[in-house]
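Protein chains in written order, with this note's numbering: chain A, 4 to 400; chain B, 4 to 400. Before any comments, here is the structure.
There are 2 protein chains.
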Amino acid sequence: MSTPLSPLNPPRRLLFGPGPTMVDPRVYQAMTKTVVSHLDPYFFEVVEDCRRLLRVAFGTANEFTLAMSGTGSAGMQTAVANFVEPGSTFVVLAAGFFADRMSEMGRRQGANVIRIEKPWGEAFDQNEVAAKIRELKPNVVGFVQAETSTGVFQNSEILCAAAHEVGALTMSDCVTSLGAMPVELDKQGIDIGYSCTQKGMSCPPGLAPVTVSPRAMEWLKARKTTPADWYLDLKLLADYYEGAHRYHHTAPISLFYALREGLSVINDEGIENRWLRHKLSHEMFVAGVEAMGLRMHVKAGNRIWNLNTPVIPEGVDDLKVRKRLLAATDIEISGGFGPLAGKVFRVGIMGPLATEDNTLLLLKGMQDALAGEGFAVKGDAVAAAQAAVTWPVAQLV
Amino acid sequence: MSTPLSPLNPPRRLLFGPGPTMVDPRVYQAMTKTVVSHLDPYFFEVVEDCRRLLRVAFGTANEFTLAMSGTGSAGMQTAVANFVEPGSTFVVLAAGFFADRMSEMGRRQGANVIRIEKPWGEAFDQNEVAAKIRELKPNVVGFVQAETSTGVFQNSEILCAAAHEVGALTMSDCVTSLGAMPVELDKQGIDIGYSCTQKGMSCPPGLAPVTVSPRAMEWLKARKTTPADWYLDLKLLADYYEGAHRYHHTAPISLFYALREGLSVINDEGIENRWLRHKLSHEMFVAGVEAMGLRMHVKAGNRIWNLNTPVIPEGVDDLKVRKRLLAATDIEISGGFGPLAGKVFRVGIMGPLATEDNTLLLLKGMQDALAGEGFAVKGDAVAAAQAAVTWPVAQLV
Chain A
4 MSTPLSPLNP PRRLLFGPGP TMVDPRVYQA MTKTVVSHLD PYFFEVVEDC
54 RRLLRVAFGT ANEFTLAMSG TGSAGMQTAV ANFVEPGSTF VVLAAGFFAD
104 RMSEMGRRQG ANVIRIEKPW GEAFDQNEVA AKIRELKPNV VGFVQAETST
154 GVFQNSEILC AAAHEVGALT MSDCVTSLGA MPVELDKQGI DIGYSCTQKG
204 MSCPPGLAPV TVSPRAMEWL KARKTTPADW YLDLKLLADY YEGAHRYHHT
254 APISLFYALR EGLSVINDEG IENRWLRHKL SHEMFVAGVE AMGLRMHVKA
304 GNRIWNLNTP VIPEGVDDLK VRKRLLAATD IEISGGFGPL AGKVFRVGIM
354 GPLATEDNTL LLLKGMQDAL AGEGFAVKGD AVAAAQAAVT WPVAQLV
Chain B
4 MSTPLSPLNP PRRLLFGPGP TMVDPRVYQA MTKTVVSHLD PYFFEVVEDC
54 RRLLRVAFGT ANEFTLAMSG TGSAGMQTAV ANFVEPGSTF VVLAAGFFAD
104 RMSEMGRRQG ANVIRIEKPW GEAFDQNEVA AKIRELKPNV VGFVQAETST
154 GVFQNSEILC AAAHEVGALT MSDCVTSLGA MPVELDKQGI DIGYSCTQKG
204 MSCPPGLAPV TVSPRAMEWL KARKTTPADW YLDLKLLADY YEGAHRYHHT
254 APISLFYALR EGLSVINDEG IENRWLRHKL SHEMFVAGVE AMGLRMHVKA
304 GNRIWNLNTP VIPEGVDDLK VRKRLLAATD IEISGGFGPL AGKVFRVGIM
354 GPLATEDNTL LLLKGMQDAL AGEGFAVKGD AVAAAQAAVT WPVAQLV
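Next comes the structure, spelled out in structure tokens:
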């Protein structure tokens with residue numbers, strides 16, 4: 004007889020990092036529901052509910068909207084492996100870690116990857132990019148709508164229109180935006196969007212929502228080469244999730260229960276109310292950290308609401324502040340990496356945490372931790388945050 | 004405001020199919036535990052427990068044992084994408100659906116796939132295969148240890164020894180065997196084994212345990228070409244799960260909690276006791292269906308304990324029997340497919356269902372459903388099953 008394992012007992016954390024973030028209690032409960040078969044009609048009802056509500060979150064009318072049986076990175080691979088053919092030209096707007104990953108995936112597919120680069124933390128000028136796209140005439144243009152490594156939100160109507168002009172498909176990483184701020188996929192001109200479940204959707208990680216425009220589906224149906232990737236092959240997955248329900252793989256049933264419940268929570272609140280909660284929390288946070296004497300790494304207007312990147316003040320140790328914060332409050336925030344390592348904090352305020360009280364709790368905790376590490380706090384973050392934003396109590400949580 | 008969704012309310016099913024199967028209640032509870040970050044030291048403790056106990060289930064000393072963030076098919080793709088290089092020779096022993104899938108994945112990697120074929124339901128003669136391997140001198144030999152589509156268990160000591168003689172790596176699909184019967188990976192000579200969580204492990208689907216021998220890891224480290232598959236790239240995953248814990252993807256934390264708890268349940272029972280439960284249930288089942296007048300599709304000695312394929316008697320309608328069984332008892336069994344469509348039932352007796360009482364319940368249900376569909380039952384399945392096997396009550400559930 005082997006030694007019994009200790010009971011599973013994760014430490015308490017208030018997840019104010021870039022993700023995973025706090026999961027709604029209803030979502031945890033949903034995962035205790037009995038598993039049915041991956042070919043059970045009930046499972047496909049669950050899938051249909053997910054598909055319908057994912058469209059709302061993505062801001063799309065795309066019929067082909069579903070969730071891959073993998074995490075957000077599997078969503079990226081789905082996009083690249085299905086739509087970037089060997090030998091094709093793949094333009095990537097690169098100003099962060101996830102754009103680098105997208106480039107790498109493109110190279111692994113044997114594409115000719117052309118990168119248009121900016122420093123980490125800057126948004127692209129759409130007209131500049133559009134001109135470049137008209138010149139390069141690529142097959143696919145890829146970019147990151149919400150760059151988790153920098154905090155930049157990239158608008159894309161103009162650059163996507165240019166891509167469509169030259170017959171290119173557009174794909175975008177919506178991993179951090181989905182569920183927390185308007186993705187507006189159709190309005191932004193994005194053909195292929197993908198995301199995850201553990202950020203704005205307040206579910207555990209494990210699924211990757213993906214949506215594909217009718218024009219991209221047409222392209223895919225006409226694609227002559229077979230993708231190397233069988234597991235994430237969208238043509239095979241279409242046969243499983245639509246029409247014939249032909250067996251492909253055994254979908255992770257409990258995670259689909261979780262996603263349906265997460266979407267149901269969003270539906271009950273109303274997605275506009277949810278977006279507003281994230282926007283207000285963001286505005287409070289910015290007012291608070293600026294009052295303390297920090298500045299935001301990303302210019303106003305280009306910021307992701309639910310992923311803030313305040314610059315770490317000169318002489319303050321990133322890791323020490325975060326350790327102190329965690330020890331004192333159970334609050335976990337994240338650091339930067341790559342060129343931003345030690346230079347910014349990455350602070351996610353998402354889902355159940357995107358409320359007035361929680362944002363103030365976070366600001367208070369950060370202020371104390373910074374002060375504890377020798378930073379001369381300029382003004383009171385909590386008071387400034389409260390003064391800056393009026394929270395419409397009646398309407399929101 | 005959108006219409007609220009109905010509460011999640013899956014139908015009651017006793018899952019006696021090939022999987023997913025019944026999940027242990029402790030595993031459902033484990034998934035309600037609070038998610039921590041994918042870089043949290045606690046998460047890596049959970050991972051280490053999983054790795055250690057997976058080795059026991061696989062019957063291996065392989066240091067490199069972990070779980071992919073995808074389902075069993077992602078496990079297969081991990082094996083093929085990492086170890087089958089473009090242009091290499093990949094011999095596949097093909098006598099079932101999952102061997103066909105393995106061949107297809109090999110082709111997608113650009114390998115020269117050579118199939119050694121047998122009718123669905125037959126095991127391979129190891130000496131014949133060994134001779135063929137010596138002749139073909141492939142780079143990799145792939146086969147299915149427990150073929151879910153047919154019910155055949157394939158032994159492999161001799162054929163794997165021949166593969167090693169010619170310098171080939173061996174890979175095997177252990178999707179249906181892991182946790183329910185001895186995989187004996189090291190004894191069987193398998194370099195790369197992969198499985199799932201929703202069969203013998205009694206967890207929900209969503210992770211794919213994978214184990215790699217030191218010689219295969221050496222080969223992988225020396226591999227010059229980069230796999231097209233980034234998400235399942237084992238070199239990158241080694242950096243995430245071992246040593247530096249360098250971020251790769253956000254692992255599905257809740258599913259790792261589930262897997263740890265599932266392994267803990269197995270550890271508490273003792274894996275030999277668990278195997279014995281599956282063996283005895285299998286023996287009862289065979290005695291029962293044979294008493295009814297059915298015969299088993301697979302020869303004695305070649306059968307998977309936890310996945311039985313009784314032949315559907317002449318004149319009996321597969322689907323009608325299964326529908327009647329489900330309606331009367333909530334028991335779900337599965338049909339055959341491909342060349343075995345309409346010819347066999349696929350009956351899984353796994354995990355919490357692999358007990359004397361449940362096996363008798365299943366036999367009674369099948370007997371009534373077959374009789375209801377006009378089959379002239381020869382003898383009483385329950386009595387025969389009880390007479391055939393003595394269940395050591397004191398030791399087992």
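Glycine is no exception: its CB is placed at the ideal position from the N, C-alpha and C atoms. As the structure is a computational prediction, the values presented were derived from the model and not from experiment.
Problem set entry | Through-space distance from A:L18 to B:G22, alpha-carbon basis | Answer to the nearest angstrom: the Cα atoms are 34 Å apart.
Problem set entry | Per DSSP, cross-strand counterpart(s) of B:P89 | Answer is none; B:P89 lacks a bridge partner.
Problem set entry | Extent of the continuous beta strand (DSSP E) to which A:S175 belongs | Start and end: 172–176.
Exercise. If we ignore side chains and look at the alpha-carbon of each, how far apart do B:G124 and B:G192 end up?
Worked result: Whole-angstrom Cα-Cα distance: 23 Å.
Exercise. Taking C-beta to C-beta, are B:T63 and B:T214 nearer than 8 Å?
Worked result: Taking the C-beta atoms as reference points, B:T214 is found nearer than 8 Å to B:T63.
For this session: State whether the region 321–340 of chain A contacts the region 199–215 of chain A, with contact taken as three or more CB pairs (one from each stretch) at a distance under 8 Å.
Result: Taking 8 Å as the limit for Cβ pairs, the verdict is that the region 199–215 of chain A does not touch the region 321–340 of chain A.
Exercise. Between B:K238 and the rest of its own chain, which residues show a CB-CB distance below 7 Å, the 5 nearest in sequence each way excluded?
Worked result: Excluding residues within five positions, the ones whose Cβ falls inside 7 Å are L223.
Exercise. Using CA coordinates, which residue listed in A:P185, A:N158, A:V392, A:Q80 is at the minimum distance from A:A290?
Worked result: Cα-wise, what sits closest to A:A290 is A:V392.
For this session: Confirm, please, whether the CB-CB distance from B:G99 to B:V50 is below 8 Å.
Result: No.
Problem set entry | Identity of the residues DSSP links to B:Y45 by a beta bridge | For B:Y45, which the question treats as bridged, DSSP gives no partner whatsoever.
For this session: Spatial neighbours of A:G75 within its chain, please: CB distance less than 6 Å, with the 5 preceding and 5 following residues excluded, ordered by chain position.
Result: Counting only Cβ-Cβ distances below 6 Å, and skipping sequence neighbours, we find V178, C199, A211.
Exercise. Between the beta-carbon of B:E264 and the beta-carbon of B:A33, is there less than 8 Å?
Worked result: Taking 8 Å as the Cβ cut-off, B:E264 and B:A33 qualify as a contacting pair.
Exercise. How would you call A:Y197, buried or exposed, if buried means at least 16 neighbouring beta carbons within 10 angstroms?
Worked result: Buried, by the Cβ-count rule.
For this session: Under the assumption that B:A231 contacts A:D232 (Cβ atoms under 8 Å), give the Cβ distance between them as a whole number of angstroms.
Result: Sure, about 7 Å apart at Cβ, within 8 Å.
For this session: Note the first and the last residue of the continuous beta strand (DSSP E) segment covering A:L297.
Result: Neither: A:L297 is in no beta strand (DSSP E) and is coded neither H nor E.
Exercise. So which residues on chain A does B:Y45 lean against when the C-beta distance must stay under 7 Å?
Worked result: P13, P14, listed in chain order.
For this session: Take A:K135 and list the residues in its own chain whose beta-carbon comes closer than 7 Å to its own, dropping the five residues that flank it on each side.
Result: Once the five neighbours on either side are set aside, the close Cβ partners of A:K135 are I119.
Exercise. With a cut-off of 8 Å, does the C-beta of A:E187 fall near any C-beta of chain B?
Worked result: Not closer than 8 Å to any Cβ of chain B, the Cβ of A:E187 fails to qualify, so no.
Exercise. Taking one C-beta from the region 64–73 of chain B and one from the region 36–43 of chain A each time, how about it: are there three or more such pairs within less than 8 Å?
Worked result: With the cut-off at 8 Å, the region 64–73 of chain B and the region 36–43 of chain A do not touch.
For this session: Using 10 angstroms around the beta-carbon of A:L188, count the other beta-carbons present and answer buried if the total reaches 16, otherwise exposed.
Result: The residue is buried, with at least 16 neighbouring Cβ atoms inside 10 Å.
Exercise. Under a three-way DSSP split, which group does B:F19 fall into?
Worked result: Residue state, collapsed to three classes: coil.
Exercise. Taking only runs of the alpha helix (DSSP H) that begin and end inside the region 208–234 of chain A, which ones reach a length of at least 4 residues, in chain order?
Worked result: If you keep only unbroken alpha helix (DSSP H) runs of at least 4 residues inside the region 208–234 of chain A, you get 217–225.
Exercise. How big is the Cα-Cα spacing for B:Q370 and B:P355?
Worked result: Roughly 22 Å separates the two Cα atoms.
Exercise. What span of residues does the alpha helix (DSSP H) with A:F101 cover, start to end?
Worked result: Per DSSP, A:F101 is one residue of the alpha helix (DSSP H) stretching across 100–111.
Exercise. Is the Cβ of A:D242 closer than 8 Å to any Cβ of chain B?
Worked result: No, no contact with chain B.
For this session: Find the nearest neighbour of B:D321 within the set B:G345, B:V301, B:K302, judged by alpha-carbon distance.
Result: Taking the Cα of B:D321 as reference, the smallest distance to any Cα among B:G345, B:V301, B:K302 is reached at B:G345.
For this session: Would you please verify whether the beta carbon of B:S99 is less than 8 Å from any beta carbon of chain A?
Result: According to the sequence shown, residue 99 of chain B is Gly rather than Ser. No, because no Cβ of chain A sits closer than 8 Å to the Cβ of B:G99.
Exercise. What are the residues of the region 323–355 of chain B that lie near chain A, defined by any Cβ-Cβ distance shorter than 7 Å?
Worked result: Per Cβ criterion, the list reads E335.
Exercise. Mind checking if A:E107 is an interface residue toward chain B, Cβ cutoff 8 Å exclusive?
Worked result: Chain B, which has a Cβ nearer than 8 Å to the Cβ of A:E107, makes this yes.
Exercise. Thinking C-alpha only, which one of A:A388, A:G145, A:G341 is nearest A:L172?
Worked result: Per the Cα distances, A:G145.
For this session: Using 10 angstroms around the beta-carbon of A:R306, count the other beta-carbons present and answer buried if the total reaches 16, otherwise exposed.
Result: Result: buried.
For this session: Pull out every residue of the region 270–283 of chain B whose Cβ sits closer than 8 Å to any Cβ of chain A, in chain order.
Result: So the close ones are N270, D271, G273.
Problem set entry | C-alpha gap between B:D84 and B:M220, whole angstroms | The question names Asp, yet the displayed sequence has Ala at residue 84 of chain B. For B:A84 and B:M220, the distance between alpha carbons rounds to 14 Å.
Exercise. List, in order along the chain, the chain A residues whose C-beta lies closer than 7 Å to that of B:E264?
Worked result: The contacting residues are L11.
Problem set entry | Nearest-angstrom Cα separation, counted from B:A166 out to B:N158 | The straight-line gap from Cα to Cα measures roughly 14 Å.
Problem set entry | Touching by the beta-carbon criterion (3+ pairs, under 8 Å), the region 257–272 of chain A and the region 45–59 of chain A | Contact between the region 257–272 of chain A and the region 45–59 of chain A is present, because at least three Cβ pairs lie under 8 Å.
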